[in-house]
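Novice:
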Amino acid sequence: MADELIFYTNPMSRGQIVRWMLEEVGAPYQQRLLDYGTTMKDAAYRAINPMGKVPAIVHNGRVVTECAAICAYLADAFPGAGLAPAPAERADYYRWLFFTAGPVEQAITAKHFGIEPDIDQQRMAGFGSLAAALDTLESAVAGKAFVAGDRFSAADVYVGSQIDWGLQFGTIAPRPAFEAYVEPLRERAAYKRAKAIDGALIAEMQAANPAG
1 MADELIFYTN PMSRGQIVRW MLEEVGAPYQ QRLLDYGTTM KDAAYRAINP MGKVPAIVHN
61 GRVVTECAAI CAYLADAFPG AGLAPAPAER ADYYRWLFFT AGPVEQAITA KHFGIEPDID
121 QQRMAGFGSL AAALDTLESA VAGKAFVAGD RFSAADVYVG SQIDWGLQFG TIAPRPAFEA
181 YVEPLRERAA YKRAKAIDGA LIAEMQAANP AG
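Sequential numbering of the sequence shown, starting at 1, is according to the UniProt record's numbering.
#1: Quick one: is residue 24 buried, meaning 16 or more other Cβ sit within 10 Å of its Cβ, or exposed?
#2: Using DSSP with H/G/I as helix, E/B as strand and the rest coil, what is residue 167?
#3: By how many angstroms is the C-alpha of residue 157 removed from the C-alpha of residue 91?
#4: Across the region 81–89 and the region 56–68, are there enough close Cβ pairs to call them in contact, namely three or more that are closer than 8 Å?
#5: Please return the same chain residues whose Cβ sits closer than 6 Å to the Cβ of residue 192, not counting the five positions on each side in sequence.
#6: Per DSSP, which residues does residue 30 bridge with? Please list them.
#7: Would the beta-carbon of residue 33 fall within 7 Å of that of residue 40?
#8: Where does the unbroken beta strand (DSSP E) through residue 62 begin, and where does it stop?
#9: Is it the case that the Cβ atoms of residue 104 and residue 55 are separated by a distance below 7 Å?
#10: What is the residue span of the beta strand (DSSP E) that residue 57 lies within?
#11: Which runs of the alpha helix (DSSP H) spanning at least 4 residues fall entirely within the region 144–192, listed in chain order?
#12: Alpha carbon to alpha carbon, how far is residue 154 from residue 214? Give it in angstroms, no decimals.
#13: To the nearest angstrom, how far is the alpha carbon of residue 139 from that of residue 122?
#14: At which residues does the alpha helix (DSSP H) containing residue 100 begin and terminate?
#15: State yes or no: is the C-beta of residue 93 within less than 7 Å of the C-beta of residue 148?
#16: Report the rounded CA-to-CA distance for residue 60 versus residue 3, giving the unit in angstroms.
#17: Reducing DSSP to helix, strand and coil, say where residue 130 ends up.
#18: Quick check: what's the CA-CA separation for residue 16 versus residue 163?
The following block contains the structure:
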């Protein structure tokens with residue numbers, strides 16, 4: 001099928017980031033829901049992503065994994081959606097997209113696991129410290145409607161998702177700059193559609209397995 005786009009996800013995962021991006025793109029896609037520990041780990045899906053994790057997409061037979069990579073890929077694959085800056089204007093776009101996917105997520109994960117790098121370890125760790133990563137992220141969004149340039153892009157989907165998720169679940173401490181940045185993003189039609197889809201799927205899963 002021409003322009004076949006398949007989305008592998010679980011609604012209680014980072015797949016929510018890619019769902020939002022897909023809704024912004026507006027291209028039709030097929031959904032494949034996977035369960036942790038079963039279909040996500042079986043041979044069929046590991047042939048797509050050997051990590052056995054979601055999300056992943058397959059577009060015209062080509063596999064893309066990792067949320068930031070998927071967002072960047074979709075912006076390029078569907079240029080009509082206008083979700084990537086012109087090539088000469090992508091410095092902030094790439095910088096903050098991958099800074100958030102790298103140092104910020106690493107710092108948050110380390111904190112969640114109770115890892116607090118000392119001064120010497122901070123020199124070796126790419127994220128330095130959680131405080132340094134979040135201070136830098138704050139500098140990227142403070143006083144701005146969009147993280148890269150003067151219009152919404154795939155970088156806002158990824159950066160916005162990470163901040164939105166962090167504020168919601170307490171892995172990122174509230175800061176006025178973070179709240180001001182994500183509040184308008186939550187009002188986007190594609191964001192609301194994506195949340196409604198995943199929210200309904202989560203409700204179905206919980207109803208089917210109330211003890212889970």
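Just so you know, even glycine gets a beta-carbon here, dropped at the ideal spot from N, CA and C.
Specialist: From the atom records:
#1: Residue 24 sits at position 24 when you count from the first residue of the sequence shown. Of the residues assessed, residue 24 falls on the buried side of the cut-off, its CB having 16 or more other CB atoms within 10 angstroms.
#2: Taking the first residue of the sequence shown as position 1, residue 167 is located at position 167. Per DSSP, reduced to three states, the secondary structure at residue 167 is helical.
#3: Position 91 of the sequence shown holds residue 91. Position 157 of the sequence shown holds residue 157. A straight line joining the alpha-carbon of residue 91 with that of residue 157 spans about 17 Å.
#4: The region 56–68 and the region 81–89 do not touch, with fewer than three beta-carbon pairs separated by less than 8 Å.
#5: Position 192 of the sequence shown, counting from 1, holds the residue named residue 192. For residue 192, where only same-chain residues beyond five positions count, there are no Cβ hits under 6 Å.
#6: Here residue 30 refers to the residue found at position 30 of the sequence shown. Answer is 6.
#7: The residue labelled residue 33 in the question sits at position 33 within the sequence shown. The residue labelled residue 40 in the question sits at position 40 within the sequence shown. Going by C-beta atoms, residue 33 is not nearer than 7 Å to residue 40.
#8: Position 62 of the sequence shown, counted from the first residue, corresponds to residue 62. Its beta strand (DSSP E) spans residues 62–65.
#9: Residue mapping note: residue 104 aligns to position 104 of the sequence shown, counting from 1. Residue mapping note: residue 55 aligns to position 55 of the sequence shown, counting from 1. No.
#10: Within the sequence shown, numbered from 1, the residue matching residue 57 stands at position 57. Note, residue 57: beta strand (DSSP E), 56–59.
#11: List check, alpha helix (DSSP H) in window: 154–169, 176–185.
#12: Because residue 214 is not part of the residues shown, which for the chain are 1 to 212, the question remains open.
#13: As a first step, residue 139 is located in the sequence shown; it is residue number 139 there, counting from the start. As a first step, residue 122 is located in the sequence shown; it is residue number 122 there, counting from the start. Computed Cα separation, rounded: 20 Å.
#14: What you label residue 100 is simply residue 100 of the sequence shown in a count that begins at 1. No alpha helix (DSSP H) holds residue 100; DSSP gives it neither H nor E.
#15: Reading the sequence shown from its first residue, position 93 is the one you call residue 93. Reading the sequence shown from its first residue, position 148 is the one you call residue 148. Yes.
#16: Looking up residue 60 in the sequence shown gives position 60. Looking up residue 3 in the sequence shown gives position 3. Their Cα atoms are separated by approximately 6 Å.
#17: The sequence position of residue 130 within the sequence shown is 130, counting from 1. Shown here, residue 130 sits in a helix according to DSSP, grouped into three states.
#18: Within the sequence shown, residue 16 is the residue found at index 16, counting from 1. Within the sequence shown, residue 163 is the residue found at index 163, counting from 1. Going from the Cα of residue 16 to the Cα of residue 163 covers about 13 Å.
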